[in-house]
Structure formats: structure tokens, C-alpha cells
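Accompanying notes for the structure given below.
There are 4 protein chains.
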Amino acid sequence: MDADVPLLIPEVNHEHLGLLDTQQATRAGRSGYIVTNPNCSTIMLALALAPLHHKFGVESVVATTMQALSGAGYPGVASLAISDNVLPFIDGEEEKIEQETLKILGRLQGTEIEMASMAVSAQCHRVAVTDGHLAAVRVKLRSKASIDEVSAAFASFSSLPQDLGLHSAPARPIIVREDSDRPQPRLDRDAGNGMSITIGRILPDNVLDYRFVALSHNTIRGAAGAAILNAELLIAMGKLK
Amino acid sequence: MDADVPLLIPEVNHEHLGLLDTQQATRAGRSGYIVTNPNCSTIMLALALAPLHHKFGVESVVATTMQALSGAGYPGVASLAISDNVLPFIDGEEEKIEQETLKILGRLQGTEIEMASMAVSAQCHRVAVTDGHLAAVRVKLRSKASIDEVSAAFASFSSLPQDLGLHSAPARPIIVREDSDRPQPRLDRDAGNGMSITIGRILPDNVLDYRFVALSHNTIRGAAGAAILNAELLIAMGKLK
Amino acid sequence: MDADVPLLIPEVNHEHLGLLDTQQATRAGRSGYIVTNPNCSTIMLALALAPLHHKFGVESVVATTMQALSGAGYPGVASLAISDNVLPFIDGEEEKIEQETLKILGRLQGTEIEMASMAVSAQCHRVAVTDGHLAAVRVKLRSKASIDEVSAAFASFSSLPQDLGLHSAPARPIIVREDSDRPQPRLDRDAGNGMSITIGRILPDNVLDYRFVALSHNTIRGAAGAAILNAELLIAMGKLK
Amino acid sequence: MDADVPLLIPEVNHEHLGLLDTQQATRAGRSGYIVTNPNCSTIMLALALAPLHHKFGVESVVATTMQALSGAGYPGVASLAISDNVLPFIDGEEEKIEQETLKILGRLQGTEIEMASMAVSAQCHRVAVTDGHLAAVRVKLRSKASIDEVSAAFASFSSLPQDLGLHSAPARPIIVREDSDRPQPRLDRDAGNGMSITIGRILPDNVLDYRFVALSHNTIRGAAGAAILNAELLIAMGKLK
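Protein chains in written order, with the numbering used here: chain S, 1 to 241; chain H, 1001 to 1241; chain U, 2001 to 2241; chain B, 3001 to 3241.
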């Protein structure tokens, strides 16, 4: 969360790479850049929010995650702790999602990132799934949008990595499913070779404006694949040689 | 959801049994009464909201459930469907929670129940747990309350079944836990012989006012035990002989 | 188990296709042939035993299976039945394994299959795994063989489908692993595109001669892939046009 | 496995406490005795074999275990290792079962235990179950016994702890179930407050004489409860004051 280090999701905030010039100025004597991966749950949430935020503005977001075991690394969670159980606590996770989302969706103003002006609430849970983080999300938008417009914003989302044809960039960063019982971790985590997130159950919400369920492969889009896509973007932009 | 049939949770809305007089007037020729159990997830949510609603007023509630397999009866969910997976859809469940909660927390006005004036949002998921429904909940209150007041409202909640000393009534309908990683289905579902719900992770929320995690044994407090407690209350009130 | 219908595993008993001539003679007026897939657990066991039986003769075999949920089809096993549990009963499974193995490993004598002369004991269990049947196996051999010879018999096993280069035939029908904790369903079921079985923990046994653990992808090698390989073999032999 | 230290299962080998006199003689200067608990899987197997061995003699036994997560202690097995999986390896477990069973079922001859003269084969697996070890067992008996005699030997088994009315001693050390799908870990582990083992699926076997499936609560009968029952026996015998 250092001010001059971008938390990069290539489809969402490639403009933040402008911070690298700042790094060179302030961290003199160092060659190379520091670019970091956001938390795996933040990647899913920020990628889901990006098209809504760009088109309609997001005023507030309420996300409840059900996260896979592989997100805890190895050995991670004890099998006895999670067997026939759900854990309602992942150390530091709720805070990370609430803070990183604001930075990733913020805008580069001169040499600084202005945090996005939205309220983010995260409650995080560990469930007995090998791979694939799920999030139940509600959003309140700044400008009015029909449910079809929300759905279209997700489905049509495309960005610089797609334009550049980066090798690891999925054709569609967000896949929208109409089936009432999707997305599901086991069935949808490998969509787009694990680099697409899947969104379903887009519905009007009684408290905020809309709700939906998002799914992402936490060790591909959320970790290893994300790092590779970051590197591919840096190379394509001439920042990494 | 018939207008003259109470959805009874003895600790929450025993006043609704006044509807039984209406039933006798309008359903002439029938002996006995109709009293029904709410949905198992609604019982947990309404029981958790009751002390907050009575003390501070609840303006809106956002609940995300992670529900156990036994809630689907037998044979219920196919093992192949839930293995290494989470299902983001339980047919009719979100609608039931959103509607029943308004009725249960409503007030009997003359011969009718006036629905509670609050917004309820529910997203429901099935997880690979045998027993114990979990809900991640955010609430917005009508009057200001400190986090200690919220916690105390939960912990001190007691009602007619406790006053009457009904056999199946738990000493404490709501158990508040301070540990950061509770409640958990396997560890907390049997609290109060399965008749207490357990609440933890009470925290300020960035979007609504407070958030917490609630847990209830879905086949005891949520079904069989609930029916017995209903009967015990009806007997104690002389409505059932 | 009809006498003139081969239970075909292409690598094990392609000679049994000689029965098709008998079928034509006795089931006059019918075009086409009847060839059936063995039970998915039998395929794994017979494939594992084939190289031992051909080289050393198998006198008796004791197999204890831990079978995946997908073997029961859909909806199959109720999630509530298998959650936090093992089921020690699969209807008809033990009998099928005990009988089919004798037929598959039997020899075509004229127009009939002479059952293999060995004793087979099977105990079958359902475990909470999506795909991949595991079997703990002990064997008593008719002629003396060192543990290295047993291991080499598995690893070097190759048969007609490999010679013919059939499209679905794995390069190695049996993969031998030396690691002490393999095979495992999740890690090894996709070996050889799900068409290879994996054998590990080959050790001397105190009661029979040797023991080992075998694993097979029950819906690929044990069902769909098996049917395709059967068809490929029939086409290559000019029996199917 | 020290020669003068009994591996005690009160119902099976209380005679081995005669070794305590030997301990006093040879470990001079020490007060107190050393009595140890066998491995949790051995306890189940030895308890199941005891009535057969005493009545008919056991010549050989082939046991294949499916062991619960709690047997590995805490944190024990990584959840990611066991999720959607079975592990065919528990370090040292097969050897322990094979050796300890011989000692427990052996006879005290003077100041030494003569190992039981039988062949024991164990293959051990870890499955995704919280509590309750399951074993698929085949036995070859020294003298002829009908299946009814085998079943009756299990069901009527009773020993010194039952005679003494020790507090933790279950009324029936072995419960025989006739249902074709029992025992099951989740349904049967708490039988006799976790101190009874449950045996089902008693059937003739094609390779050895009989087969059956046994289940024991590994942390009660297999650990904590076993230690308490040992202490109760020592007190009752005046060895512990």
C-alpha cells in the first residue's frame, strides 16, 4: 500500500503504471520498478467493480466472500479446522479488501493516486473448496442503470491487455452467466484458463441497487496468472526488458 | 404467509398469537389453530434482529447465508453437486427470508400484522456442512447505538419462553462470542442444546452501521426444536390442550 | 455376464473379441455385436492384475476400494449421507468385482471363456471424492517374483491398443510411482488423460505376497473413455465400420 | 514396544499387567508403572480380533483402514492435502498396527509376553472424516466357525472392565449391526459414549474365511477414553492409588 507502488490489475488500472516514473525519481539509485499483486479476493472484487465504476460510478459495495483453501497457501488451514465447517475469519483479509479496492479503483492524479470515493464493506469466510473464491456482492451506483445495462457492462468489459493481445489475457475478463445456479467454484474456476472471472445472479437488491455473485480462480487470476499478466503488460509497455 | 397465520418464533413475536382469535372468527367450524414455523434461515435472522429492532429500530439488513446440507432434507443436495463446491442458489430461499422477516418483526395491530418497515436483502448459498446455518449480516439502525450497546442487546436478550421457563427454551436465546474466529458451524451449532443462536464478529461496518456473523442449528432451532417450543408456548398460554 | 458377450478392456482381453463370431452364429438375424464395459472398479483391478497374471499367475487377490462420488452417477449419493462420513456399502459392487474379474482375466477356449482360476475378495466403500477410485490390493502369485519384477511388470505393461496406436490409448496403461504417498485421487486421476491407472506403495505383504495401491479415473478409464477405446479397437479390427 | 511395558486394552489383555511386577524388579528405584496406550487403529483392530482369537484362533488378518483427520492431531493434515482426496500413507502406521497387534494379543508367559502367532497385514489411508476410524478386515481362523458363531463372538464379548463395572467401560465393547450399510463414522462413532466399537458387514470371504467392517471413535476409545479406562482398571486392581 506504499503510495508510489501500484497494485496492478492490468485490465483495471494500467494507468497507475505512471507511478513508476515517480518511483524512479524518489527511489534514486535503484534500477527496476516495484509493482505488486493485490490480494486475491481484491482482484476479483476490483475486476467486477471496474466496469460498473467506470460507467455508472460505484457509491458503495458490500462483499461477502467464501474463499478457497488454496488461498491460505500450504499447509494453510488445518483439515480438522475446516472439516464439516466454515471459518468466519481470515486474518487481515477484510481490511485488505476494503483498503486495496479504493486504491485500485482510484485515479492517478499527477504523481499520486487519489483513492476512489466509495464505501467498501467486506466479510470474509473460508470454506471447504480447493480452488475458487466466491463473493456475494451488493452495489449502490451513483447514476441510474437498468439491470440490462449492468449486465452488459460486465459482459462487454475489455481493456488494454485485450487490445494488446497479451498472451495470458483472457478474451473476456468477465463472463456473465444467466443460469440461476452459477457461478460455482468447481464448475467455473477454470473459465478463460482461470483468468476470467464469472458473474451470475445479477438481480435488483432491496437495500443497495443490485446484487450479483462473482467467482475467480484464486491461484491463477488471483496469484500466479496475475503476476504473469502484470509482467506481460510491463514488457509490452517497454518497462521491463 | 396467510394473513391470519402467525409465523411464530416464541422469543420474537409471541404477541402474534393474537391472530388465533381472528382465525377462530374467520375460519368458523374449524377447531384448533394454524401456527407455522418460519424458514430455518429466517428464524436465525429474525432472532438476531429482534433485540436490535426492539431497542434501536432496524432500517435495513443485508444478510448473506452459508447454509448446511441438512436444510435441504433428504436426499436433498447431490453429493457430486456440492463436493469441492459452493452452490449460490437455493430455490425460493432469498424471497422467503426477505418476506418472512418483515412479517415476524411486524406488529399486531388489531386483527392484522403490520409488516415491519425495513429493507431486507438476502443472498443464499449452500455449503458442504452437515448442520448449522451461518449468516454474515450488516444492519443499519434507526437510532444511534454504540457497539457495546449492540453487543449487550444481543447478550441480554430474553423473552416470554425464558420467563415461563418453557422446557425447550434456552437460558440465553443469543450467545455472544468475543473470539475473532467464531461462530463456526461445527463448534457452535449445539449451543443451548441447539436452541441458542451464536453471534460473533460484531464490528462497525463501512456501508451500513454494524456487521456480525450469526449461526443457528438449522434442524433444531430451525425446525424440530422450533416446532416443539411453539407447542410448549401454546400449551402454556392455554391455546393447546 | 452373458457367456457370449465380452467384457472388454482392450489392453487386457482383446482376444475375447473372438466371441463376436459366436454371437453371429447364435444370435442369427442380428447385425452388429454386443460388447460391454466392465464395472468401473473392475476395470481398474483387472488392468492392474493383467501384467501380474500373465507373467506370474495370480492365485488370490484381496481388494478394498475407496470409490468416488461420480461412480454413482447423478444425483447418486445424497450429500448428507457422505458428509463427514464413509459408506461401507455399494449395492452389488463387491459381487460384480469378484465375478467380472474372473471373466476378464479368463481365456477364450474355442467359443467359450474359461474363467480365471483365482480367488477374488472385494470390500467396497464410498468416500467423499469427486472423481478417482482407489483400491488397496494384496496379491498372492503362483510363481515366485521379486518386488522389482512385480514393479517392472506394471511399468512395462503395454498391449494391442498401444501397438495399434489407438487414439485414446495411453502410452503407458499403468504408471508406477515411487513416492510413498501416491497415488492420490486428486493428484493422479488425470494421468494419461484419465486413461492410465497409477500404482504405488508396492510392498511385500505379511499375509499374501505383495500389496499395492491403485488409482483410476472412474468416469474416463472407468466409463466414457473405456467405451471410446473399445470402439477404436473394434474399428481397427474391422469389426465396426 | 519395550518388552516390560504393557500396551493395555483393558478388555483384551489385562493379564499383561503382570508385567508391572517385572518393571518393579528391573527398573529399581523408580516408583510407579509404565503402561501405554496402543495406536488408535490398533486398539480397534485388537478389540475386534480378541473374541475371535480367544474362541477360534486367528491365523491371519488383512486390515485396510480409512482413518479420520483427528487421528493426526492438530494441525495435522493440511486441508488442501485432503480436500477432494484420499491419502494412502500415514507415516509408520502400517508397521505399528502389524507389530502392536501381535503383542496385545500375545500371552504373558512368566515375565514375558509371547507374541501372538498370526500374520497381520495393514494398509492405511487418511480420509476426509473428522472422527471415527474405519477398517475393512478379513480374517482366517484356526478352527472352523460358522458365520453365526463369529457374529455371536463379537456381540457377546465382555471382559474384566465390564465385570468390575468400571465407570468408562461400555456395557458392550463390541456392537454388531445387521444393516447392510453400517458401520459409518458419522453415525456410529459415538456408540457407547465413544467407547464401543461397531462391527457390521460380517460375510464369508473368498480368500480368507470371513470379512467385516469395524469402526471406532479414534479420539475416545482410541485415545483419551482409553487412557481413562486404563487408569480406572489400575485403580480397581490396586496398582494406582
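Virtual Cβ for every residue (Gly too), placed ideally from N, Cα, C.
Asked                                                                                                                                                                                            : Found
When we look at the beta-carbon of U/S2156 and count the other beta-carbons within 10 Å, is it buried (16 or more) or exposed?                                                                   : exposed
In three-state terms, what does DSSP make of S/G225?                                                                                                                                             : helix
Can you give the Cα-Cα distance for B/A3122 and B/D3084, rounded to whole angstroms?                                                                                                             : 24 Å
Starting from B/V3012, trace the alpha helix (DSSP H) both ways and give me its first and last residue.                                                                                          : 3010 to 3013
What residue range is occupied by the uninterrupted alpha helix (DSSP H) comprising H/S1041?                                                                                                     : 1040 to 1055
Over what stretch of residues does the beta strand (DSSP E) that includes H/S1151 continue unbroken?                                                                                             : No beta strand (DSSP E) holds H/S1151; the alpha helix (DSSP H) holding it covers 1147 to 1155.
Which residues in the same chain have their Cβ closer than 7 Å to the Cβ of H/Q1099, if we skip the five residues on either side of it in sequence?                                              : M1001
Can you pull out the residues from the segment 25 to 39 of chain S whose beta carbon lies closer than 9 Å to at least one beta carbon of chain H?                                                : none
Along the chain, which unbroken stretches of the alpha helix (DSSP H) at least 4 residues long are found entirely within the segment 3183 to 3234 of chain B?                                    : 3185 to 3188
Distance, Cα to Cα, U/A2119 vs U/I2174?                                                                                                                                                          : 23 Å
Counting only C-beta atoms, is S/T101 closer than 7 Å to chain B at any point?                                                                                                                   : no
Indicate whether H/V1127 and S/V127 have their beta-carbon atoms separated by less than 7 Å.                                                                                                     : yes
Which residue comes first and which comes last in the alpha helix (DSSP H) that contains H/T1101?                                                                                                : 1093 to 1104
Which same chain residues end up closer than 6 Å to U/A2145 when comparing Cβ atoms and leaving out the 5 residues on each side of it in sequence?                                               : F2056
Spatial neighbours of U/H2053 within its chain, please: C-beta separation below 6 Å, excluding the five flanking residues on both sides.                                                         : L2105
Name the residues in the segment 2104 to 2131 of chain U whose C-beta lies less than 8 Å from a C-beta of chain B; which are they?                                                               : A2119, V2120, S2121, Q2123, H2125, V2127, A2128, V2129, T2130
Once you ignore the five residues that flank S/L208 on each side, which residues in its own chain have a CB closer than 7 Å to its CB?                                                           : S60, V62, R138, V139, K140
Give the residues from the segment 1220 to 1232 of chain H that approach chain U closer than 9 Å (Cβ to any Cβ), ordered along the chain.                                                        : none
What's the C-alpha gap between U/F2212 and U/A2171?                                                                                                                                              : 22 Å
For a contact meaning CB atoms closer than 8 Å, what does B/P3010 contact in chain U?                                                                                                            : Near B/P3010 there are no residues of chain U at all, since even the closest Cβ is about 27 Å away, more than 8 Å.
Just to confirm, are S/S216 and S/M44 a CB contact at a threshold of 7 Å?                                                                                                                        : yes
Please tell me whether S/I82 has its Cβ less than 7 Å away from any Cβ of chain B.                                                                                                               : yes
Note down, in chain order, each residue of its chain lying with its Cβ closer than 6 Å to the Cβ of H/R1107, except the 5 sequence neighbours on either side.                                    : E1114
What residue range does the alpha helix (DSSP H) around U/A2025 cover?                                                                                                                           : 2019 to 2026
Hey, how far is the Cα of H/T1064 from the Cα of U/N2230?                                                                                                                                        : 49 Å
Taking Cβ to Cβ, would you say H/G1076 is nearer than 7 Å to U/L2080?                                                                                                                            : yes
Quick one: which residues of the segment 180 to 207 of chain S get their C-beta closer than 8 Å to a C-beta of chain H? List them in chain order.                                                : S180, D181, R182, P183, Q184, P185, R186, L187, G200, R201, D205, N206, V207
Let me make sure I understand the geometry here. Which of S/S180, S/D190, S/N218 has the alpha-carbon closest to that of H/G1092?                                                                : S/S180
Compute the beta-carbon to beta-carbon distance between U/L2047 and U/I2197, rounded to the nearest angstrom, for a pair I have assumed lies under 8 Å.                                          : 5 Å
Which two residues bound the contiguous beta strand (DSSP E) that contains B/A3136?                                                                                                              : 3133 to 3141
Is it the case that the segment 181 to 193 of chain S contacts the segment 33 to 42 of chain S, given that we only count it when at least three CB pairs across the two stretches are under 8 Å? : no
With a cut-off of 7 Å, does the C-beta of B/P3088 fall near any C-beta of chain U?                                                                                                               : yes
Going by alpha carbons, who is nearest to U/G2238 out of U/V2012, U/Q2109, U/Y2033?                                                                                                              : U/Y2033
Just the chain B side, please: which residues come within less than 9 Å of U/F2218 by C-beta, in chain order?                                                                                    : Here residue 2218 of chain U is Asn; the residue named in the question, Phe, does not match the sequence. Per Cβ cutoff of 9 Å: no residues; U/N2218 is ~13 Å from chain B at best.
Using a threshold of 7 Å, state whether the C-beta atoms of H/Y1210 and H/V1150 are closer than that.                                                                                            : yes
Considering only the alpha carbon of each residue, which of B/G3200, B/L3166, B/A3068 lies closest to B/A3227?                                                                                   : B/L3166
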